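Input: a single structure, listed below in structure tokens.
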Amino acid sequence: MDKRDLFNALDTFSQDLMQTLAEVESIKIHLQELAQENTALRLENDKLRERLFQEESSVEVSKKRQRNTSVIEKNYDEGFHICKDFFGQRRDNDEPCLMCLEVIYREDV
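The sequence shown begins at 1154 in the working numbering and counts up by one.
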């Protein structure tokens, strides 16, 4: 192989190497973008899971409160006080008790 062919081969190899290096750099940039997007999505996913857990907990508390309220209302309808002052005592002639009604209908804030 003469010098000219050797230099041509070396030049071709150098150009191929530069092109490969440019492709590797492009892949590296794309990988960095994907890693950043992945991190952002993981953070968003964690926040959504936390929000979902809070919503599910809120629904469970609401259901439990509804069950408790229905039991309390049933006792009141059967003629018993459910207020803290007279709890468990019979209501005279099933007369309404404002304190009991407040317990049934109050809104927890």
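From the three backbone atoms N, C-alpha and C, an ideal C-beta is built for every residue, glycine too. Model, not experiment: these values are computed from the prediction.
Going by alpha carbons, who is nearest to residue i out of the options?
i: Arg1244; options: Asp1169, Met1252, Lys1237, Phe1233; result: Phe1233
i: Ile1257; options: Gln1242, Lys1237, Asn1246; result: Lys1237
i: Asp1247; options: Glu1231, Gly1241, Ile1235; result: Glu1231
i: Cys1253; options: Ile1235, Glu1208, Gly1241; result: Ile1235
Flag residue i as yes when its Cβ comes closer than 6 Å to any non-hydrogen atom of the ligand GTP, and as no otherwise.
i: Leu1205; result: What this structure holds is no ligand at all, so the ligand GTP is not there to describe.
Helix, strand or coil for residue i, going by three-state DSSP, please let me know.
i: Phe1233; result: strand
i: Arg1244; result: coil
i: Cys1250; result: coil
i: Met1171; result: helix
i: Asp1238; result: coil
i: Asp1155; result: coil
i: Arg1259; result: coil
How big is the Cα-Cα spacing for residue i and residue j?
i: Glu1255; j: Phe1239; result: 13 Å
i: Thr1222; j: Tyr1229; result: 10 Å
i: Ala1162; j: Lys1181; result: 28 Å
i: Leu1187; j: Glu1208; result: 31 Å
i: Arg1259; j: Lys1200; result: 32 Å
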